[in-house]
Amino acid sequence: MKFTTLSITAMALISGALAAPNVNWKRQGPGPSGSLQQPAGGADWDNTGGFGLGHVVYQGVDQPYTNPQGVTHVKTHHIDLYLQAADGSGTQFLLAEGIAPNGNNVVDEQFQIPVAYGGPVGDYRLIVEETQYGTTPGQPIAIVFRSAAPLITVSAGPTP
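Below, the structure is given as structure tokens:
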């Protein structure tokens, strides 16, 4: 079988395009991030009666962004929400994961606070972990980071 210079060049380009993306990509310094609109730090999520609702409003991003790794654009794909104990114990409760923004890049969700299931009461950091879709010349990449962690209180009074 005889290979021409053109066919060898084409094979090299194709094999380079099929290379696996770097799934362990980490942002090199600050970049665009969504912002938590609600709740503000110091908020109290009241779970009296075992059916309290948490409410989160998060403004995502959809904008050009360039970096040395070849990213040219980022868009909020989804957020995950956790409560992390403020006492330093490392105790963490998953509230919701994979919440995608609407067409205006806004997440506006309510969910039940899990205190009825042996969950949290007290002071917690509301951890917002954002996953962005990073556009590159090759394969898109996921960019994951914590974008907010306000201190809130989860309370539960006596059932009326």
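In mature numbering (1 follows the signal peptide of the UniProt record, and there is no 0), the protein residues as written are -19 to -1, 1 to 141. By construction, the Cβ of each residue, glycine as well, lies at the ideal position given by its N, Cα and C atoms. Treat the numbers as computed from the prediction; the structure is a model and nothing was measured.
Between the alpha carbons of residue i and residue j, how many angstroms are there, rounded?
i    : j    : result
G33  : T134 : 12 Å
H58  : G84  : 11 Å
Y39  : P49  : 28 Å
D43  : T112 : 12 Å
P13  : V52  : 12 Å
L107 : G115 : 25 Å
T72  : L132 : 14 Å
T47  : Y63  : 29 Å
I122 : P45  : 15 Å
R127 : G15  : 10 Å
Y105 : G30  : 20 Å
Q65  : K56  : 26 Å
N86  : G41  : 5 Å
Using alpha carbons as the reference points, say which of the options lies closest to residue i.
i    : options              : result
Q18  : G30, V109, G115, F92 : V109
G103 : G69, V55, A129       : G69
A137 : N86, Q93, A67, Q120  : Q93
A130 : V37, Q91, K56        : V37
Q91  : N28, A67, G35        : G35
Can you name, in chain order, every residue of its own chain whose Cβ lies under 6 Å from the Cβ of residue i, other than the five neighbours on each side?
i    : result
D61  : E78, E110
H54  : P45, T116
V125 : T112
By Cβ distance below 7 Å, which residues in the same chain neighbour residue i in space, the five residues on each side in sequence not counted?
i    : result
P118 : G51
A24  : I133
A67  : D104, Y105, R106, L132
What is the residue span of the beta strand (DSSP E) that residue i lies within?
i    : result
G115 : 103 to 116
V135 : 132 to 136
A129 : 122 to 129
T57  : 54 to 66
Q93  : 87 to 93
With 16 as the cutoff for other CB atoms within 10 Å, does residue i come out buried or exposed?
i   : result
V88 : buried
A81 : exposed
A21 : exposed
In chain order, what residues of the same chain have a beta carbon less than 8 Å from the beta carbon of residue i, not counting five sequence neighbours either side?
i   : result
L75 : D61, L62, Y63
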